[in-house]
Amino acid sequence: MGISGFFGKNNITRVKCDIEFPNEIYANSECPISINLINQKPSYPIFLIKVKIFNKSTLFPFFEKNDKKLLNINLQKRGKYILDKIEISSPFPFNFFVRYYVFKENIEFVVFPEPKKGLTEYLFDKRTKRGEFETNLKKGYEDEMISIKDYILGTPLKYVDWKSTAKTDSLKIKELSSLIDKPLIVDFDSIFIKNLEDKISLVTFFILDSIKRNIPVGLKINKKIYKPEISSFHKINMLTELALYEKV
Numbered sequence: 018m019g020i021s022g023f024f025g026k027n028n029i030t031r032v033k034c035d036i037e038f039p040n041e042i043y044a045n046s047e048c049p050i051s052i053n054l055i056n057q058k059p060s061y062p063i064f065l066i067k068v069k070i071f072n073k074s075t076l077f078p079f080f081e082k083n084d085k086k087l088l089n090i091n092l093q094k095r096g097k098y099i100l101d102k103i104e105i106s107s108p109f110p111f112n113f114f115v116r117y118y119v120f121k122e123n124i125e126f127v128v129f130p131e132p133k134k135g136l137t138e139y140l141f142d143k144r145t146k147r148g149e150f151e152t153n154l155k156k157g158y159e160d161e162m163i164s165i166k167d168y169i170l171g172t173p174l175k176y177v178d179w180k181s182t183a184k185t186d187s188l189k190i191k192e193l194s195s196l197i198d199k200p201l202i203v204d205f206d207s208i209f210i211k212n213l214e215d216k217i218s219l220v221t222f223f224i225l226d227s228i229k230r231n232i233p234v235g236l237k238i239n240k241k242i243y244k245p246e247i248s249s250f251h252k253i254n255m256l257t258e259l260a261l262y263e264k265v
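All you need for my numbering is the position in the sequence shown, starting with 1, plus 17.
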């Protein structure tokens with residue numbers, strides 16, 4: 018028992034645990050967290066260490082100096098989170114007892130809203146109520162038509178190609194030379210969707226989709242205006258605003 022206690026305790030002491038979160042974490046989606054265990058005992062390797070974070074765990078069977086693994090977690094709600102502890106445990110050496118050690122942490126991070134497609138369809142069904150979106154689209158219906166493409170949120174109905182829409186059962190618009198990559202500003206408070214979480218998720222998807230298409234997009238929310246851009250920093254700022262949004 019004495020030998021078991023000595024080796025078991027020694028196995029989980031002087032172990033450093035570094036945690037790294039990805040830049041973008043979305044609610045209700047698998048998120049890989051990087052866990053790096055570092056052995057600070059030069060003469061002893063480490064066996065059978067289990068790391069537990071947010072009730073999910075991964076096993077490090079054996080390593081001498083350090084080892085790194087990814088642990089997938091799934092956080093259900095948007096908002097600010099705090100990782101306040103990391104638990105490690107091990108049954109080493111004889112599996113008679115499981116020994117535990119808890120790292121006290123204070124790691125803050127933000128979980129972005131779950132993206133949901135459908136805001137474009139909603140606005141079309143409501144005949145794009147006036148005031149729901151602000152755009153700086155200039156009149157371009159007399160310009161040269163370049164192509165037919167899927168409807169983009171905020172595009173006036175006068176640009177809809179009804180013939181193509183009827184053929185495909187999907188809303189299509191005329192892409193005119195004057196409408197390419199025109200900036201859009203989403204006026205959050207003017208979108209009338211009863212369920213707040215649905216509205217936040219739909220706006221989140223639209224922002225991500227617009228930036229993916231290289232369309233500058235902005236956001237008007239909480240008396241703040243984020244001017245249209247496509248940079249990653251700008252995207253993170255808008256998603257953070259949506260993640261922390263609370264209805265007054």
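By construction, the Cβ of each residue, glycine as well, lies at the ideal position given by its N, Cα and C atoms.
query, result
"Assigned exposure category for P62 - 16 Cβ within 10 Å defines buried", "exposed"
"Backbone secondary structure at T30 - three-state DSSP", "coil"
"Separation of N56 from F109, as counted between CA atoms", "15 Å"
"V327, DSSP secondary structure in three states", "Only positions 18 to 265 of the chain appear in the structure, and residue 327 is not among them; the question remains open."
"Cβ-based burial, V32 [other Cβ within 10 Å; buried from 16]", "buried"
"Assigned secondary structure, L225 (DSSP; H/G/I helix, E/B strand, else coil)", "helix"
"Segment contact flag, the segment 39 to 47 with the segment 79 to 98, C-beta cutoff 8 Å, min 3 pairs", "yes"
"CB contact flag (P200, P245, <7 Å)", "yes"
"Same chain, Cβ closer than 6 Å to T182, five either side skipped, listed in chain order", "L188 and K189"
"C-alpha gap between D226 and N72, whole angstroms", "32 Å"
"Start-to-end residues for the beta strand (DSSP E) that takes in S317", "No information on residue 317 is available, as it lies outside the stretch 18 to 265 that the chain covers here."
"Check whether F120 and A260 have beta carbons under 7 Å apart", "no"
"Status (buried if at least 16 other CB within 10 Å, exposed otherwise) for K175", "exposed"
"Opposing strand residues paired with E37 [DSSP bridges]", "S51"
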